[in-house]
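**Student:**
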Amino acid sequence: MRKSALIALALVVAALVALGLIVLCSASQANGIKLHKDAYYFFNRQIVYIAAGVLIAVVTAFVDYRKWREIPGAAWFMYGAVLVLMVLVLPYFIGHKVNGSFRWIRLGPVNLQPSELAKLAIVIVVAVWMDRLAWRVELFVKGTLVPFMLIGAYAFLAQREPDYGSLMVIAAAGALVMFVAGARFWHMFPLGIAGGGLAFAAMCFNDNRMRRLMAYVNAAFGNAAEAAEKVPISKMDPAQFQAHMALVAFKNGGIGGVGLGESIQKQYYLPECHTDFIFAVGAEELGLFFSIGVILLFTAFFVLSIYIARNASDRFGRFLVIGMSFIIFFQAMFNLGVVCEALPTKGMALPFFSYGGTNMLCAFFAVGTILSVGIHSYRDKKRILSRSVVTRA
Numbered sequence: 000m001r002k003s004a005l006i007a008l009a010l011v012v013a014a015l016v017a018l019g020l021i022v023l024c025s026a027s028q029a030n031g032i033k034l035h036k037d038a039y040y041f042f043n044r045q046i047v048y049i050a051a052g053v054l055i056a057v058v059t060a061f062v063d064y065r066k067w068r069e070i071p072g073a074a075w076f077m078y079g080a081v082l083v084l085m086v087l088v089l090p091y092f093i094g095h096k097v098n099g100s101f102r103w104i105r106l107g108p109v110n111l112q113p114s115e116l117a118k119l120a121i122v123i124v125v126a127v128w129m130d131r132l133a134w135r136v137e138l139f140v141k142g143t144l145v146p147f148m149l150i151g152a153y154a155f156l157a158q159r160e161p162d163y164g165s166l167m168v169i170a171a172a173g174a175l176v177m178f179v180a181g182a183r184f185w186h187m188f189p190l191g192i193a194g195g196g197l198a199f200a201a202m203c204f205n206d207n208r209m210r211r212l213m214a215y216v217n218a219a220f221g222n223a224a225e226a227a228e229k230v231p232i233s234k235m236d237p238a239q240f241q242a243h244m245a246l247v248a249f250k251n252g253g254i255g256g257v258g259l260g261e262s263i264q265k266q267y268y269l270p271e272c273h274t275d276f277i278f279a280v281g282a283e284e285l286g287l288f289f290s291i292g293v294i295l296l297f298t299a300f301f302v303l304s305i306y307i308a309r310n311a312s313d314r315f316g317r318f319l320v321i322g323m324s325f326i327i328f329f330q331a332m333f334n335l336g337v338v339c340e341a342l343p344t345k346g347m348a349l350p351f352f353s354y355g356g357t358n359m360l361c362a363f364f365a366v367g368t369i370l371s372v373g374i375h376s377y378r379d380k381k382r383i384l385s386r387s388v389v390t391r392a
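In structure tokens form, the structure reads like this:
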């Protein structure tokens with residue numbers, strides 16, 4: 000483990016946060032005035048979230064990640080607590096409905112999104128479970144069925160909100176940790192197909208999600224005549240509207256951008272310009288170089304995380320780093336795919352950019368966990384080297 004890799008990862012995250020804050024300051028002004036009569040309402044709150052997130056990352060980084068495995072019941076307590084929160088967010092209890100979904104619990108001036116916590120909790124509990132199994136990860140019941148049930152509980156509750164984006168991240172992150180831990184592919188495959196089939200069947204009964212999916216299918220696979228036909232915005236399906244406005248932003252920005260603060264699309268043409276579609280505003284104002292730079296930064300984040308995972312002191316640390324880095328990288332790439340209309344429209348935050356407290360704090364917790372593995376693995380390596388020198392002397 001090289002110390003330079005940890006410093007590089009911290010710098011990459013700092014660059015992403017700084018870029019995100021700059022773009023948010025511009026992208027959120029119109030909605031800030033419209034909703035709160037304050038152009039810097041979202042910007043000021045985001046600074047508070049970032050400050051809290053940095054504190055969480057620092058504390059998490061210097062606390063030994065192995066505590067999750069060594070303290071009896073720590074991972075299971077976290078899993079159970081998040082499970083309770085995901086139950087409470089459902090419409091039968093205290094969930095707060097926004098845009099047709101029950102994803103938030105109101106806690107005074109802030110909203111808590113339990114599904115964001117579930118992404119972290121599933122990585123931790125599956126990593127602990129798989130690490131303790133050792134060679135038994137190859138057994139069907141203990142190595143595949145039990146962790147699938149842990150993942151399935153969260154996935155089912157996410158579907159009930161409904162939040163298919165979180166369902167996808169939870170399932171993918173948990174399955175990845177299982178696979179890396181050594182679970183047999185042919186044990187995982189049929190259960191994965193069955194779970195995916197159930198999720199798709201449930202989505203077929205959700206009009207909003209099916210509208211989004213069919214709008215994407217029609218746009219991607221429609222015939223040339225339909226593709227060439229210009230549909231007036233007033234008659235456009237709501238599921239297509241945001242993606243269409245995002246593409247307009249990309250076209251406006253071109254290579255050099257229209258200039259910071261000069262976006263046209265943020266003036267109420269792109270409703271979610273400070274959350275899910277913030278990348279489009281950045282591309283419009285700062286151009287192609289901004290877009291490429293963001294992609295390269297997220298790629299560098301993932302590559303550095305994999306390096307840290309490969310050099311971790313133990314397999315438990317490796318599982319944690321791969322799971323945590325996957326959550327951030329997958330969400331980033333999916334968000335960019337949606338904004339570019341390469342994927343069906345799905346509300347998923349862009350880590351370190353999109354406005355929001357829970358997703359920002361969870362992203363910093365994931366970074367802190369990755370750094371914790373790196374820092375303590377680096378210390379372990381130094382300790383081993385020093386003992387080796389003493390023994391030779």
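Each residue of the sequence shown is one higher than the one before, starting from 0 at the first, in numbering that gives the first Met the number 0.
Backbone N, C-alpha and C define an ideal beta-carbon position, used for all residues, glycine too.
#1: I need the DSSP call for phenylalanine 92, collapsed to helix, strand or coil.
#2: Determine the closest residue to histidine 166 out of Phe249, Pro113, Val247, with distance taken between C-alpha atoms.
#3: Based on the DSSP secondary-structure assignment, which residues constitute the bridge partners of arginine 105?
#4: Does the beta-carbon of arginine 102 have 16 or more other beta-carbons within 10 angstroms, so that it is buried, or is it exposed?
#5: What residues match up with valine 81 in a beta bridge as DSSP calls it?
#6: Taking buried to mean at least 16 other C-beta atoms within 10 Å of its own C-beta, is asparagine 222 buried or exposed?
#7: Compare the beta carbon distance of phenylalanine 460 and arginine 135 with 8 angstroms and say whether it is the shorter of the two.
#8: I want to know whether the stretch 295-311 touches the stretch 159-178 - three or more CB-CB distances under 8 angstroms.
#9: Would you kindly report the start and end of the unbroken alpha helix (DSSP H) that includes phenylalanine 315?
#10: So what's glutamate 228 in DSSP terms, helix, strand or just coil?
#11: Please list, in chain order, all residues of the same chain as threonine 143 whose beta carbon is under 8 angstroms from its beta carbon, the five residues on each side excluded.
#12: Starting from the C-beta of leucine 65, find all residues in its chain whose C-beta is less than 8 angstroms away, skip the five residues before and the five after it, and write them out in chain order.
#13: May I ask you to list the residues that DSSP assigns as paired with serine 100?
#14: Which same chain residues end up closer than 7 angstroms to phenylalanine 276 when comparing Cβ atoms and leaving out the 5 residues on each side of it in sequence?
#15: Enumerate in chain order the residues of its own chain whose CB-to-CB distance from asparagine 205 is below 7 angstroms, with the five nearest sequence positions on each side excluded.
#16: Apart from the five residues just before and just after valine 257, which ones in its own chain have a Cβ nearer than 7 angstroms to its Cβ?
#17: Hey, how far is the Cα of valine 16 from the Cα of valine 140?
#18: Assign proline 90 to buried or exposed, taking buried as 16 or more other Cβ atoms, counted over all protein chains shown, within 10 Å of its Cβ.
#19: In whole angstroms, what separates the C-alpha of glutamate 271 from that of arginine 44?
#20: Using DSSP with H/G/I as helix, E/B as strand and the rest coil, what is glutamate 261?
#21: Could you tell me whether the Cβ atoms of methionine 359 and glycine 52 are closer together than 8 angstroms?
#22: Count the other CB atoms within 10 Å of the CB of glycine 195; is the residue buried (16 or more) or exposed (fewer)?
#23: Helix, strand or coil for threonine 344, going by three-state DSSP, please let me know.
#24: Give the secondary structure of threonine 357 by DSSP, where H, G and I count as helix, E and B as strand, and everything else as coil.
#25: Kindly give me the distance between the Cβ atoms of glutamine 266 and alanine 29, rounded to whole angstroms, as I take these residues to be in contact under 8 angstroms.
#26: Taking the straight line between their C-alpha atoms, what separation do you get for tryptophan 75 and valine 97?
#27: How many Å lie between isoleucine 192 and alanine 198 at the Cα?
**Tutor:** The structure says:
#1: coil
#2: The sequence shown places leucine at residue 166, not histidine. Here the closest residue by C-alpha is Pro113.
#3: Asn110
#4: buried
#5: Answer is none; valine 81 lacks a bridge partner.
#6: A caution first: asparagine 222 carries a pLDDT of 45, below 50, which makes its placement in the model too unreliable to give a value.
#7: Summary: the structure shown does not reach residue 460, with the chain confined to residues 0 through 392, and so no result is reported for it.
#8: No contact exists between the stretch 295-311 and the stretch 159-178.
#9: 314-338
#10: Note that glutamate 228 scores a pLDDT of 46, beneath 50, so its modelled location is shaky; the value from the coordinates is reported in the next line. DSSP places glutamate 228 in the coil class of the three-state scheme, outside both helix and strand.
#11: Met177, Ala182, Arg183, His186, Met187, Leu190
#12: Before going further, note that residue 65 is arginine rather than leucine in the sequence given. So the list reads Asp313, Phe315, Gly316, His375, once near-sequence residues are dropped.
#13: DSSP, once it has assigned bridges, lists Val97 as partnering serine 100.
#14: Gln241, Ala245, Leu269, Val338
#15: Closer than 7 angstroms at the Cβ level, and outside the excluded window around asparagine 205, lie Pro161.
#16: Closer than 7 angstroms at Cβ, skipping near neighbours: Asn251, Glu283, Glu284.
#17: 42 angstroms
#18: exposed
#19: 17 angstroms
#20: coil
#21: yes
#22: exposed
#23: coil
#24: helix
#25: 5 angstroms
#26: Going by the C-alpha atoms only, they are around 30 angstroms apart.
#27: Answer to the nearest angstrom: the Cα atoms are 10 angstroms apart.
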